[in-house]
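Read the structure below first, then the notes.
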Amino acid sequence: MSEYPSRLVDRWLTLELFTNFHRITGQLWTAELRTNGVLNSSDSQVLLERVTTTPLLRPTANTIESGFARINKNSIVMAVPNDSHEKDRLAQAARIYFRGELMQYRVLMVLGNFEISGNLHLEPELELTQVLLQREENFIGMTDVNINFLPNPALRVTANSVLINRSKVDFLCAGAP
Numbered sequence: 197m198s199e200y201p202s203r204l205v206d207r208w209l210t211l212e213l214f215t216n217f218h219r220i221t222g223q224l225w226t227a228e229l230r231t232n233g234v235l236n237s238s239d240s241q242v243l244l245e246r247v248t249t250t251p252l253l254r255p256t257a258n259t260i261e262s263g264f265a266r267i268n269k270n271s272i273v274m275a276v277p278n279d280s281h282e283k284d285r286l287a288q289a290a291r292i293y294f295r296g297e298l299m300q301y302r303v304l305m306v307l308g309n310f311e312i313s314g315n316l317h318l319e320p321e322l323e324l325t326q327v328l329l330q331r332e333e334n335f336i337g338m339t340d341v342n343i344n345f346l347p348n349p350a351l352r353v354t355a356n357s358v359l360i361n362r363s364k365v366d367f368l369c370a371g372a373p
């Protein structure tokens with residue numbers, strides 16, 4: 197047996213990122229298995245290839261295509277995991293929530309231009325009132341999510357799961373619809 201741990205093979209991971217005004221999709225060459233791992237790494241930015249960018253204020257405007265884009269993680273409000281490999285892993289992880297190993301709270305959040313309602317999952321020892329202060333991760337997962345883009349109320353999205361940037365949360369309350 198080798199004294200070095202086996203290294204995961206690099207592969208393309210599809211990312212869908214939202215800033216306050218843009219939806220950015222692209223691919224990242226990485227050994228990370230999940231969007232969560234990429235966004236919570238110590239790197240301050242993400243370099244995507246094969247990128248498309250759509251302005252959220254004018255969703256019918258032309259999509260911008262580019263070979264690459266650098267995104268500062270501080271500008272990312274949320275991410276939607278949608279890589280096919282990742283969806284399988286998220287389905288497996290969802291079983292943990294149903295076994296009661298994590299506490300689940302229905303919450304309403306405002307993050308910049310977004311209003312998000314969904315299920316926030318916490319370890320039993322962490323209270324909802326402390327989630328934004330005591331979590332180590334910058335990006336926190338939510339499930340069964342409804343997203344409203346406040347400047348354009350016609351733009352509504354639902355997702356099985358999203359990662360929200362906890363530093364971007366302006367408002368959080370329990371008991372969302």
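Those letters in the sequence shown? Residues 197 to 373, by this note's numbering. Glycine included, every Cβ here is placed at the ideal spot set by N, Cα and C.
In the DSSP assignment, Leu235 falls outside any beta strand (DSSP E) and lies within the alpha helix (DSSP H) extending over 231 to 235.
Taking the CA atoms as reference points, Asn216 sits about 13 Å from Asp366. When secondary structure is reduced to three states using DSSP, Leu346 falls in the coil class, being assigned neither helix nor strand. For Asp206, the CB contacts under 8 Å within the same chain, skipping 5 residues up- and downstream, are Trp225, Thr226, Ala227 in chain order.
Counting along the chain, the unbroken beta strand (DSSP E) around Gly314 starts and ends at 310 to 318. In the DSSP assignment, Leu211 falls within the beta strand (DSSP E) that extends over 207 to 214. Judged by pairs of C-beta atoms under 8 Å, the region 313 to 320 does not touch the region 240 to 253, as fewer than three such pairs exist.
Of the other Cβ atoms in all chains shown, 16 or more fall within 10 Å of the Cβ of Gly337; this residue is therefore buried. The C-alpha of Ser262 lies about 15 Å from the C-alpha of Leu211.
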